[in-house]
Amino acid sequence: MIFTRDINREEYIIVRYWLTGITSLREAAWQLAIGQSVGNPNIRSQWETDELFRTHSAKVLADESELKKVKSGEVEIAFPLVNLDWESDGISQLLCFLMGGQLDIDEITHCHALEIRFPDQLKPLRPTYGLDGSRSITGVYDKPLFGGIVKPKTGISPETLLDMVKEMVDGGVNFIKEDEILSNPSFCPISKRVPLIAKYLDGKGVIYAVCINADPPYLLDRVKLTHELGGNAVHVNFWSGFGAYRAIRKMNLPMFLHVQKSGDKILTNHSHRFRISFYALCQIWVMSGVDSIHVGMIGGYSTTERGELDRIIAMLRKHNVIPALSCGVNPVNVSSITQAIGNDYMANVGGAIHGHPNGTIAGCRAMRQAIDGTHGPEYQAAKELWK
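Quick note on numbering: the sequence shown equals residues 6 to 392 in the numbering used here.
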């Protein structure tokens, strides 16, 4: 039976979808389940035995007659684990199941993957550090972690970058993230900038995330190189591939792993007929063992819907993953963000520290004072700028 609630949920990955069918929700669900497991939704062949259907077909967890009455609605589809070699197929093949061929079927006019339920036997990889480990490294407890972002995004030399890092550290940052635009240009290659910065940061209790965006073989080589050169963290934008994070974590290196999401709206935007929710993407990254995820922002210039953001933050905290808020954090609004979501997050700040009227070090001190509640002269100057 394709339409059934009688399954062993531990043998399936279950996805909650919003679907719309031209004919009916039943037809849309049927075509998704069959098309993303055993075959052509509308053509049966001699090879598709009853046993093959029982074992390998995805299941629609709903009453078939009820789905015939409507064209749109939420429905759960259960994908058999037996169809997936989780260890080596991993995230890449899973996404091929969940958001693949059904998007080519004319019957399905809307397909939103909202949430994924992984069975208990598929354990998420553990973050190497996460929130608890990062607090231990930085010595920061009972307040948000302060992250600084390298700006300008690109065009600087390793020596200029080091000067910037020195000011950020002197100003009180706990975490520094290179911008996703940097990666490995000839004027500031990983091989030159990482040793300079790692040597300076040694013993200072600061996490420094090197941007290593690249195609698959080069990406893993850059993780190894960053580690060998003394780096303690890497930053990977999602365009480097969803499977990249799990592959990096499975290298078992003592490296902090940060997910940078810029560009995700091409997949997650609520106005799209075909999309995957950002919550579902965060579930995938949690399964991959990342340490922190750029989850969006409250206010700023890229506001995340609060209901979704609260759900994501709660999930990440459950798994010791740091929610990183960015895209407009500044010394004035950080206190209201903390009041809204509590202390267990990282405030990643770029323009608001480097754009301080007295320079980067003053901007970092202003942010440090805002987080600590000391509100010194640097904060007062920032307050005038950011009011």
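Just so it is clear, CB atoms sit at the ideal spot from N, CA and C, and this is done for glycine as well.
Residue interval of the beta strand (DSSP E) (run including Q265): Locating residue 265 in the sequence shown gives position 260, where the first residue counts as 1. Judged by DSSP secondary structure, Q265 falls within the beta strand (DSSP E) whose first and last residues are F261 to Q265.
Beta bridge counterpart(s) of C116 as assigned by DSSP: Numbered from its first residue, the sequence shown carries residue 116 at position 111. Answer is L24 and F279.
Backbone secondary structure at C1 - three-state DSSP: The chain is shown from 6 up to 392; residue 1 falls before or after that span and cannot be answered.
Anticipated Cβ contact below 8 Å, Q107 with C116, distance rounded: Here residue 107 refers to the residue found at position 102 when the sequence shown is read from its first residue. Here residue 116 refers to the residue found at position 111 when the sequence shown is read from its first residue. Cβ atoms of Q107 and C116 come within 8 Å of each other, at about 6 Å.
Cutoff 6 Å; reference K156; Cβ partners in own chain excluding five residues on either side: The residue you call residue 156 lines up with position 151 of the sequence shown. Contacts found: G355 and H359.
DSSP-derived helix/strand/coil call for F102: Start at 1 with the first residue of the sequence shown, and residue 102 comes out as number 97. DSSP places F102 in helix when its eight states are reduced to three.
Coarse secondary structure for E185, derived from DSSP in three states: Here residue 185 refers to the residue found at position 180 when the sequence shown is read from its first residue. For E185, the secondary structure class from DSSP, reduced to helix, strand or coil, is coil.
Exposure label - V199; buried when at least 16 CB within 10 Å: Position 194 of the sequence shown, counting from 1, holds the residue named residue 199. It counts as buried.
DSSP-derived helix/strand/coil call for Y81: Walking along the sequence shown from the start, residue 81 turns up at place 76. In the sequence as presented, Tyr is not what sits at residue 81; that position holds Glu. Reduced to three states, the DSSP call for E81 is strand.
Reference K209, options S188, D226, K197 and M173, closest by Cα: For the purposes of this step, residue 209 is identified with residue 204 of the sequence shown, where counting begins at 1. When only C-alpha atoms are compared, the closest one is M173.
Helix, strand or coil at S3 [DSSP, three-state]: The requested residue 3 is not part of the displayed model; the chain covers only 6 to 392.
Assigned secondary structure, C287 (DSSP; H/G/I helix, E/B strand, else coil): Looking up residue 287 in the sequence shown gives position 282. Helix at C287.
Minimum length 3: unbroken beta strand (DSSP E) runs contained in the segment 346 to 387: Uninterrupted beta strand (DSSP E) stretches at least 3 residues long and entirely within the segment 346 to 387 occur at 351 to 354, given in chain order.
Outcome for K182 when other beta-carbon atoms lying within 10 angstroms are tallied against a minimum of 16: The residue labelled residue 182 in the question sits at position 177 within the sequence shown. Result: buried.
Contiguous alpha helix (DSSP H) assignments of at least 4 residues, all confined to the segment 125 to 153: Those alpha helix (DSSP H) runs which fall completely within the segment 125 to 153 and span 4+ residues are 135 to 143.
Buried/exposed call for I27, threshold 16 Cβ in 10 Å: Walking along the sequence shown from the start, residue 27 turns up at place 22. Flag for I27 reads exposed.
Host beta strand (DSSP E) of H324 (start-end): The count along the sequence shown starts at 1 and reaches residue 324 at position 319. If you look at H324, you'll find it isn't in any beta strand (DSSP E); DSSP assigns it neither H nor E.
Own chain, CB closer than 8 Å to A38, minus 5 neighbours either side, in chain order: For this step, residue 38 is matched to residue 33 along the sequence shown. Excluding residues within five positions, the ones whose Cβ falls inside 8 Å are I7, S62, A63, K64, V65 and I82.
Rounded separation between V75 and D11 - CA only: Residue mapping note: residue 75 aligns to position 70 of the sequence shown, counting from 1. Residue mapping note: residue 11 aligns to position 6 of the sequence shown, counting from 1. Annotation: V75 to D11 spans about 23 Å, alpha carbon to alpha carbon.
Residue(s) in a DSSP beta bridge with F180: Position 175 of the sequence shown, counted from the first residue, corresponds to residue 180. Answer is G152 and I212, bridged to F180.
Alpha-carbon to alpha-carbon, A238 and L136: Position 131 of the sequence shown holds residue 136. Position 233 of the sequence shown holds residue 238. If I take the Cα positions, the gap works out to 14 Å.
Straight-line gap, L330 to P149 (C-alpha atoms, nearest Å): In the sequence shown, counting from the first residue as 1, residue 330 sits at position 325. In the sequence shown, counting from the first residue as 1, residue 149 sits at position 144. Distance between the alpha carbons of L330 and P149 is about 10 Å.
C-alpha distance - H380 paired with A371, whole-angstrom precision: The residue you call residue 380 lines up with position 375 of the sequence shown. The residue you call residue 371 lines up with position 366 of the sequence shown. Near 7 Å, if we compare the C-alpha coordinates of A371 and H380.
9 Å Cβ cutoff met for K266 and I298: Numbered from its first residue, the sequence shown carries residue 266 at position 261. Numbered from its first residue, the sequence shown carries residue 298 at position 293. In this structure, K266 places its C-beta atom within 9 Å of the C-beta atom of I298.
H263, buried or exposed, once every other Cβ within 10 Å from all chains shown has been counted against 16: Taking the sequence shown and counting its residues from 1, one reaches residue 263 at position 258. Flag for H263 reads buried.
Cβ pair F151, A386 closer than 9 Å: Here residue 151 refers to the residue found at position 146 of the sequence shown. Here residue 386 refers to the residue found at position 381 of the sequence shown. Between F151 and A386, the gap from beta carbon to beta carbon reaches 9 Å or more.
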